[in-house]
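Engineer:
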Amino acid sequence: MNVMRVSYVRREVRNYADAPVAQRVLEALIAAAIEAPGACCEQPWHFTVIRNQPLLDRISAAAKVHLLSTIGGNPGRMEVRQYLLSPEFQIFYHAPVVILISARSDEQAFEEASVVAQNLMLAAREFGLSTCWIDFARNWLETHEGRRSIALPAGYQPIAPIIIGRPHATTLPAPCEPPIIKWID
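Quick note: the sequence shown uses the numbering used here, first residue 16, plus one each step.
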């Protein structure tokens with residue numbers, strides 16, 4: 016599949032089949048991810064692959080509590096609050112795998128990890144897999160307890176928790192607004 020086609024068919028998926036993803040496939044996704052361009056070829060990333068469902072459940076529960084404490088009574092976040100208060104809601108949507116992309120803490124950590132994450136998500140489509148970036152987990156993973164739960168090395172900042180798995184069903188594209196473009200010739 017070419018990159019233009021993948022760009023149009025890749026979707027955020029939040030409903031996964033209960034099927035494992037082979038380690039060789041995960042390794043191939045990471046290999047594709049690190050082909051992303053980066054500043055000065057520093058390659059500042061670190062990957063944490065989590066397939067342990069009880070650990071993902073514990074991270075989900077802790078991240079929900081943490082996020083609820085940070086959004087408070089913000090009226091703009093009431094829909095999110097309802098999700099977080101639901102005992103049935105698991106932030107990783109019970110996907111079989113989470114790959115957390117972290118980067119060395121510096122001024123370009125977010126940009127470096129984001130480009131790598133995009134490569135990983137596009138590559139997953141080639142294997143018939145779906146993905147979703149779950150930012151709900153990131154803030155808790157930055158805490159001392161969160162870092163310890165996944166043994167994240169010192170000096171690395173968690174950026175992109177990506178869930179990966181086989182989708183239960185085909186996800187239809189969400190309508191895209193036309194881009195705002197200003198042409199300067």
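Glycine is no exception: its CB is placed at the ideal position from the N, C-alpha and C atoms. Predicted, not measured: the structure shown is a model, and the values here were computed from it.
#1: Regarding A47 and the ligand ZN, is the C-beta to nearest heavy atom distance less than 8 Å?
#2: So, for E127: in the same chain, excluding its five sequence neighbours on each side, which residues have a beta-carbon less than 6 Å away from its beta-carbon?
#3: Does A48 get closer than 9 Å to chain E when you measure Cβ to Cβ?
#4: Tell me where the beta strand (DSSP E) around G180 begins and ends.
#5: By DSSP, does Y108 sit in helix, in strand, or in coil?
#6: So L44 packs on A138, CB below 8 Å; how close in whole Å?
#7: If contacts are defined as beta-carbon pairs under 8 Å, then F62 and I114 qualify, I think. What distance do you get, rounded to the angstrom?
#8: Return the Cβ separation of R181 and A34 in integer angstroms, given the expectation that the two are a contact with Cβ distance under 8 Å.
Structural biologist: By the coordinates alone:
#1: Here there are no bound small molecules, and the ligand ZN is not part of this structure.
#2: G53, P59 and A118
#3: Although the question refers to chain E, the structure presented lacks it and comprises just one protein chain.
#4: Y171 to G180
#5: coil
#6: 5 Å
#7: 6 Å
#8: 5 Å
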